[in-house]
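Number of protein chains: 2
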Amino acid sequence: MRTLAEYASLVEQRLPEYLPAAEEGGLILNHAMRYSLLAGGKRLRPSMVLAAVEMLEGDLEEAMPFACAVEMIHTYSLIHDDLPGMDNDTLRRGRPTNHMVFGEGQAILAGDGLLSLAFETMLAQGKKRPERAEAYLSAIAEIATGAGAGGMVAGQSLDLEYERNGSPADREDALFRVQRGKTACMFLYPLRAAGKLAEGTEETLRALEEYGRAFGMLFQATDDLLDVLGEAKEVGKTLGKDAQSGKLTCISVFGVEGTRALVREERARAEAALERFGKRAEFFLELVRKMENRVK
Amino acid sequence: MRTLAEYASLVEQRLPEYLPAAEEGGLILNHAMRYSLLAGGKRLRPSMVLAAVEMLEGDLEEAMPFACAVEMIHTYSLIHDDLPGMDNDTLRRGRPTNHMVFGEGQAILAGDGLLSLAFETMLAQGKKRPERAEAYLSAIAEIATGAGAGGMVAGQSLDLEYERNGSPADREDALFRVQRGKTACMFLYPLRAAGKLAEGTEETLRALEEYGRAFGMLFQATDDLLDVLGEAKEVGKTLGKDAQSGKLTCISVFGVEGTRALVREERARAEAALERFGKRAEFFLELVRKMENRVK
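So the protein lines, in turn, are chains E and B. Read in our numbering, the first sequence has 29 at position 29, and its numbers run on one by one without any break. Convert by adding 1000 to the 1-based position in the second sequence; the result is the number in our numbering.
Listed below in structure tokens is the structure:
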């Protein structure tokens, strides 16, 4: 059983081989893609793909391009999220955002390039092992669904709309739709993809999906909590500025105690989904504990 | 043998079924994607995919999601090209550009959504006919290569860079690299995908590729010529503003007569590539004639 740090280090080692060399074709694009993709980060999503494949006794090496593709998609979404037309952020992980370094146009293209490269990377594995084409097609389809116009991009679109024009009266429903799309989809669909790669049964896929969804909500809820806990420390308040601004977060909808209850609830759901895997789910159980520990 | 108008009309009829309904989930994203994808246009690229599949006695219906996906990718590239951070265009085909209607953030997401949806659409065909997974994987891989970080996106990145920072001393080489990436890749790789769908031989794929490359160059050269011929009519000049501004176009690199020579050259190349298909290549021969007639 590997740890998150071990999987993340594997991903870190392998990511560069799927990227065009910085100097190839004299393209700023290549520098811009590398700048954001190789900027570190937890490598949580690709590590979860690899861990799920190993938990189901699939082939780690075969899963590597799929895991790295998931990280490319995550990175493209951050580059586009940071753009002036979206969140207009100037810093990400302590470094200037992509468009601050390469300009807005090249940052848009770096995102587009990484999304395309994610698919190229997964499809290339099909050339290596054409006899596995059916499994690959369905794994790629899962990831495309999570990333796509009914998944992550839909969540971002809703989030942007609510931020600009206010959220609907049913704020709880609105919050769940945004967080399911923006956050949970890129956990649950990649996990389903891992299940397909490892030839998991329908029940296995459903359990992975249920875990991924609950983990995504847990991830977002603890993130939202951390934001206010951090701010509370700084300015001695119990609610952060997001809660006051009416921005749609777990805190603004459920309050701090309500969000803590949500964390317990999603944790229980995530653990229940893992039961069928017994001791082999240790990696995923540990992740859940890590999340809860963030806000203790 | 169908005509371009007939194929385009087929594409027009079928495109909506691959899109989420406008009202689905109350998403502005769906309106924004539909606004640009269903805005008409020549439907040239998807028609060429369908025509190539029929020329090679492949299955038209099977090719439909691939053809429509190619149009989605073309449309996403136009939405992103028009953004303030790129070309900053306010009109496209006589209508306000996507970001003028939906705002910059939603336009970025509409492009992202269409690119993802293109892959989702192609991958979904794999669920319908899993026994064809290997052919589909390799067809999708061709399209991803054409659209991706070594294809269309690379061409856009170079174009943007040269526009902002000036082009290199070897302007001819720079022009070919930009036009190959920006324009030719989204003809030649979709044609190769059609060849894979129809189980074409390596020689067939190479002929389609050669035709697609030459056609792309012809398309771009006649576009550049049309720009100056149109302007010359308007203002009585023989060279357009692009030529004067030093922007990298066929006209600014080769002049009007040189560009006409290039048109003849690429036409001859395109026709030579079609020889092996004999009379069955009529659709593609006609396209070449149409291009040349634009600038007669």
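Note that CB positions come from ideal geometry on N, CA and C, so glycine has one too. Please read all numbers here as calculations on a predicted model, not as lab measurements.
Which of helix, strand or coil DSSP assigns to residue i
{"i": "E:P84", "result": "coil"}
{"i": "B:L1038", "result": "coil"}
{"i": "B:P1190", "result": "helix"}
{"i": "B:P1297", "result": "Outside the modelled stretch of chain B, which goes from 1001 to 1296, sits residue 1297 of chain B, for which no answer is possible."}
{"i": "B:L1056", "result": "coil"}
{"i": "B:T1238", "result": "The predicted position of B:T1238 is uncertain, since its pLDDT is 47 and thus under 50; a value taken from the coordinates is nonetheless stated next. Reduced to three states, the DSSP call for B:T1238 is coil."}
{"i": "E:K196", "result": "helix"}
{"i": "E:L225", "result": "helix"}
{"i": "B:R1043", "result": "coil"}
{"i": "E:M1", "result": "coil"}
{"i": "B:E1024", "result": "helix"}
{"i": "B:A1051", "result": "helix"}
{"i": "E:P168", "result": "coil"}
{"i": "B:L1019", "result": "coil"}
{"i": "E:A147", "result": "helix"}
{"i": "B:T1075", "result": "helix"}
{"i": "E:V201", "result": "In the sequence on display, residue 201 of chain E carries Thr and not Val. In this structure, E:T201 counts as coil in the three-state DSSP scheme."}
{"i": "E:V70", "result": "helix"}
{"i": "E:K298", "result": "Because chain E here runs from 1 to 296, residue 298 of chain E falls outside it and cannot be looked at."}
{"i": "E:K182", "result": "helix"}
{"i": "E:A207", "result": "helix"}
N- and C-terminal bounds of the alpha helix (DSSP H) containing residue i
{"i": "E:T259", "result": "250-274"}
{"i": "B:E1292", "result": "1282-1294"}
{"i": "E:M152", "result": "152-165"}
{"i": "E:A5", "result": "4-14"}
{"i": "E:F176", "result": "171-179"}
Cβ neighbour criterion (16 or more within 10 Å) applied to residue i
{"i": "E:G111", "result": "buried"}
{"i": "E:D82", "result": "buried"}
{"i": "E:L91", "result": "exposed"}
{"i": "B:M1055", "result": "buried"}
{"i": "B:T1201", "result": "exposed"}
{"i": "B:A1272", "result": "exposed"}
{"i": "E:K182", "result": "buried"}
{"i": "B:M1001", "result": "exposed"}
{"i": "E:P20", "result": "buried"}
{"i": "E:Q179", "result": "buried"}
{"i": "B:L1050", "result": "buried"}
{"i": "E:P65", "result": "buried"}
{"i": "E:L316", "result": "Missing from the structure shown is residue 316 of chain E; chain E here goes from 1 to 296 and no further."}
{"i": "E:A147", "result": "buried"}
{"i": "B:K1279", "result": "exposed"}
{"i": "E:K196", "result": "buried"}
{"i": "B:G1085", "result": "buried"}
Strand pairing of residue i, partner residues [DSSP]
{"i": "B:L1091", "result": "B:P1096"}
Residue-chain proximity (residue i, chain A), Cβ-Cβ < 7 angstroms
{"i": "E:Q156", "result": "Any reference to chain A falls outside this structure, whose protein chains are E and B."}
Enumerated in chain order, which unbroken segments of the alpha helix (DSSP H) with a length of 4 residues or greater are wholly contained in the region 93-140 of chain E?
-> 98-102, 104-128
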